[in-house]
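Asks:
In my numbering, the protein residues as written are -4 to 282.
(1) Which class does residue 95 belong to by DSSP, given the choice of helix, strand or coil?
(2) List the endpoints of the continuous alpha helix (DSSP H) containing residue 192.
(3) Helix, strand or coil: how does DSSP classify residue 131 here?
(4) In the structure shown, what three-state DSSP assignment does residue 166 receive?
(5) Do residue 248 and residue 238 have their CB atoms nearer than 8 angstroms?
(6) Would you kindly report the start and end of the unbroken alpha helix (DSSP H) that includes residue 144?
(7) Residue 153 lies in the beta strand (DSSP E); which residues open and close that run?
(8) With distance defined between alpha-carbon atoms, name the residue in 110, 246 and 273 nearest to residue 181.
(9) Once the 5 residues before and after residue 84 are set aside, which same chain residues still bring their CB inside 6 angstroms of it?
(10) Just checking my contact of residue 70 with residue 63 at CB under 8 angstroms: how many whole Å lie between their CB atoms?
(11) Mapping DSSP to helix, strand and coil, what is residue 33?
(12) One question on the structure: do residue 65 and residue 127 come within less than 8 angstroms of each other, judged by their Cβ atoms?
(13) Buried or exposed for residue 250, going by 16 or more other Cβ atoms inside 10 Å?
(14) For residue 290, write down the residues that DSSP places opposite it in a beta bridge.
(15) Rounding to the nearest angstrom, what Cα-Cα distance links residue 142 and residue 157 in this structure?
(16) Three or more beta-carbon pairs under 8 angstroms between the segment 206 to 218 and the segment 158 to 178, yes or no?
(17) Looking only at its chain, what residues have a beta carbon closer than 6 angstroms to the beta carbon of residue 259, apart from the 5 residues adjacent to it on each side?
(18) Under 8 angstroms, Cβ to Cβ, is there at least one residue of chain C near residue 76?
(19) Can you name the start and end residues of the alpha helix (DSSP H) that residue 323 belongs to?
(20) Assign residue 54 to one of three DSSP states: helix, strand, or coil.
(21) Apply the 10 Å Cβ neighbour rule to residue 201 and answer buried if 16 or more other Cβ atoms are within range, or exposed otherwise.
(22) Look up residue 276 in the DSSP assignment and say whether it is helix, strand or coil.
(23) Please classify residue 56: is it buried, with 16 or more other beta-carbons within 10 angstroms of its beta-carbon, or exposed?
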């Protein structure tokens, strides 16, 4: 079925033809007075239907030096791997808006946001960050009312409901700290993108069902609850924030997995094996 604009265009052309016929009968000058503006309108409608070329974004060579300096994952890649990474950076920049709050956004910060998304899902290229449309970066930590300051407690947040449903919030200092500190198990970018992966089945419940074989959903839940009990008893090296809920446990353990994989494998082999299935479904251990 023709589109509305196509039908409108055909209707205008028909109307012009009718006016032209009447104009020939009456007066040639009167016909011109009507058809010139109508012809202009028809051209505008036709032009609006023509597909617009999307501005192409290319990878700036300067970005590579930033990534080599700040992102160990990128530095460890071979030339082919870096080319693939560069393409994912372009894809992220082309599809996700990155906005700064009370500071001027630069390429360094934008690249760290993109890297927070690319690294965890290196072996999940078909997953394109769910319904995320924008990442908003604050100059410092913030609270539930989006007030910024060093004394605030939120480092990141995935929006849920209303206009916030497609938004992620990050604290700039926390984002940088995740890349700068190579020995701890914390990374706010990995944490928030883990929430997005969890959310991809419709619920932020700590069970990424779309990325976990069905027969392993119950074993995963039992493993999570067992580890949460250990955290609450003070018998685990996992960040205590992970005991807040199943959803927070998944995000916290994903940070641990991506930051200190060998340590996680040593201390928590069952969790490590499950996370391997989620993040590397083809059995390609990238660590």
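Don't be surprised by glycine CBs; every beta carbon is placed ideally from N, CA and C.
Replies: Concretely, from the data shown:
(1) strand
(2) 183 to 194
(3) strand
(4) strand
(5) no
(6) Element bounds for residue 144: n/a, residue is neither H nor E.
(7) 151 to 153
(8) 246
(9) 109
(10) 5 angstroms
(11) Low local confidence applies: a pLDDT of 43 at residue 33 is under 50, so the model's placement there is unreliable, with the coordinate-based value given in what follows. In this structure, residue 33 counts as helix in the three-state DSSP scheme.
(12) no
(13) buried
(14) The requested residue 290 is not part of the displayed model; the chain covers only -4 to 282.
(15) 20 angstroms
(16) no
(17) 251, 252 and 267
(18) Absence of chain C from the displayed structure is noted, only one protein chain being present.
(19) Because the chain in this structure spans residues -4 to 282, residue 323 falls outside the shown range and cannot be described.
(20) coil
(21) buried
(22) coil
(23) exposed
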